[in-house]
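Colleague:
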Amino acid sequence: MDQLQPTEMGMMDTVMSLDQLVDESDPDVDFPNSFPQPRQRYTHTHTHTLYWFQLVGLIHDVGKIMALWDEAGPSLATFPVGCKFQNSIVYRDSTFLENPDEKNPKYNTEYGIYEPNCGLDNVLMSWGHDGKTHSEPQKKNITNHLFKYPGLYMIRYHSFYPWHSHGDYKHLCDDKDLRMMPWVQEFK
Numbered sequence: 001m002d003q004l005q006p007t008e009m010g011m012m013d014t015v016m017s018l019d020q021l022v023d024e025s026d027p028d029v030d031f032p033n034s035f036p037q038p039r040q041r042y043t044h045t046h047t048h049t050l051y052w053f054q055l056v057g058l059i060h061d062v063g064k065i066m067a068l069w070d071e072a073g074p075s076l077a078t079f080p081v082g083c084k085f086q087n088s089i090v091y092r093d094s095t096f097l098e099n100p101d102e103k104n105p106k107y108n109t110e111y112g113i114y115e116p117n118c119g120l121d122n123v124l125m126s127w128g129h130d131g132k133t134h135s136e137p138q139k140k141n142i143t144n145h146l147f148k149y150p151g152l153y154m155i156r157y158h159s160f161y162p163w164h165s166h167g168d169y170k171h172l173c174d175d176k177d178l179r180m181m182p183w184v185q186e187f188k
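Residue 1 is where the sequence shown starts when you use my numbering, and the numbers rise one by one after that.
Structural data, given as structure tokens:
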């Protein structure tokens with residue numbers, strides 16, 4: 001794959017560029033990233049009530065463009081920092097060997113630097129494609145016009161597989177996170 005340089009692109013150019021990417025960290029996808037994917041099944045049922053769901057389905061992974069800028073695959077996956085790393089983290093066995101946080105006793109407890117049920121929005125997450133995609137609409141102040149809150153939440157946490165697929169880190173969740181989890185699980 002030819003490496004792209006960071007640049008400004010239109011949304012559709014960005015989406016189509018993702019077809020150059022094979023994301024080994026994403027267990028849900030085995031076809032080009034520009035395909036609407038199974039999200040369209042959901043929108044056939046909820047077309048009139050969830051107009052924003054199709055938009056979220058289209059753009060949720062555009063942050064993966066970072067991989068075409070030669071960002072390492074593990075940097076695209078999302079996981080909490082500041083507490084014990086769980087075995088369900090993508091690339092956990094192969095990329096954490098030299099991580100200094102592994103040796104820091106403050107970070108190697110269930111809660112680490114966090115209070116119980118502090119809420120995922122208060123947990124520091126590794127930088128990944130979800131954070132990139134989640135931050136762009138907010139920087140451009142278009143979130144209230146195009147997205148409902150569950151859509152932004154789904155973008156932010158859809159690749160946090162240790163949480164929504166393996167049940168890890170629930171001890172950090174607040175009531176909002178537990179209410180949003182079904183949206184994320186439906187979306188994935």
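Cβ coordinates follow ideal geometry from the N, Cα and C atoms, glycine included.
#1: In chain order, what residues of the same chain lie with their CB nearer than 8 angstroms to the CB of residue 168, ignoring the 5 residues before and after it?
#2: For residue 84, which residues in the same chain have their Cβ closer than 8 angstroms to its Cβ, ignoring the five residues on either side in sequence?
#3: Compute the distance between the beta-carbons of residue 17 and residue 78, then report whether it is under 8 angstroms.
#4: Residue 93: buried (16+ other C-beta within 10 angstroms of its C-beta) or exposed?
#5: Alpha carbons only, please: which of 152, 173 and 90 is nearest the one belonging to residue 122?
#6: Per the DSSP calculation, residue 162 is bridged to which residue(s)?
#7: For residue 159 and residue 166, I'd like the C-alpha separation in whole angstroms.
#8: Can you tell me where the alpha helix (DSSP H) holding residue 114 begins and where it ends?
#9: Return helix, strand or coil for residue 40, following the three-state DSSP convention.
#10: Rank 151, 118, 91 and 95 by C-alpha distance to the C-alpha of residue 54 and give the top, closest one.
#11: Is the beta carbon of residue 171 less than 8 angstroms from the beta carbon of residue 185?
#12: For residue 124, collect the residues of the same chain with a Cβ closer than 6 angstroms to its Cβ; drop the 5 residues on either side in sequence, then sort them by chain order.
Modeller: Concretely, from the data shown:
#1: 86, 88 and 162
#2: 107, 108, 109, 110 and 112
#3: no
#4: exposed
#5: 173
#6: Answer by DSSP bridge pairing: none, since residue 162 is not bridged.
#7: 12 angstroms
#8: It is not in any alpha helix (DSSP H) - residue 114 carries neither H nor E in the DSSP assignment.
#9: Bear in mind that a pLDDT of 48 at residue 40, under 50, signals an unreliable position, so the number given afterwards is only what the model happens to contain. Helix.
#10: 151
#11: no
#12: 81 and 82
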